[in-house]
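Participant: In this note's numbering, the protein residues as written are 2 to 100. Where a beta carbon is used, it is the ideal one built from N, C-alpha and C, also for glycine. Structure incoming, see below.
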């Protein structure tokens, strides 16, 4: 995700045609920039980073030139459901091994 943001998004952010295709001056993207630029972890930032599709969201944050560290902080809440899914899968796998 950080590679997508820094490498792909950073490069794409310098190409005018890509910025135009991503509509960085549209109201929606400007709103996302304002929300994602807020320091720390806000509810709105978390909704965008966790609820949005991974690749487009990461690349767009790179195009907008947002800090990688802030994007990681905003995406941290996804650890909770991932933890429960991994534990559930481990329990199911362990149960099937007992025969």
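If contacts are defined as beta-carbon pairs under 8 Å, then residue 25 and residue 65 qualify, I think. What distance do you get, rounded to the angstrom?
Facilitator: Yes, residue 25 and residue 65 are in contact; Cβ-Cβ is about 7 Å, under 8 Å.
Participant: At the level of alpha carbons, what is the spacing between residue 18 and residue 34?
Facilitator: The straight-line gap from Cα to Cα measures roughly 19 Å.
Participant: Looking only at its chain, what residues have a beta carbon closer than 6 Å to the beta carbon of residue 74, apart from the 5 residues adjacent to it on each side?
Facilitator: So the list reads 42, once near-sequence residues are dropped.
Participant: Here's a check: name, in chain order, each residue in its chain whose Cβ is nearer than 8 Å to the Cβ of residue 30, leaving out the five neighbours to either side.
Facilitator: Cβ neighbours of residue 30 beyond the five flanking positions: 23, 24, 61 and 65.
Participant: Please list, in chain order, all residues of the same chain as residue 46 whose beta carbon is under 7 Å from its beta carbon, the five residues on each side excluded.
Facilitator: Closer than 7 Å at the Cβ level, and outside the excluded window around residue 46, lie 36, 37, 39 and 75.
Participant: What is the DSSP secondary structure of residue 23, counted as helix, strand or coil?
Facilitator: Residue 23: coil per DSSP, three-state reduction.
Participant: Helix or strand or just coil, what does DSSP make of residue 15?
Facilitator: DSSP places residue 15 in coil when its eight states are reduced to three.
Participant: Quick one: grab the DSSP three-state call for residue 38.
Facilitator: Residue 38: coil per DSSP, three-state reduction.
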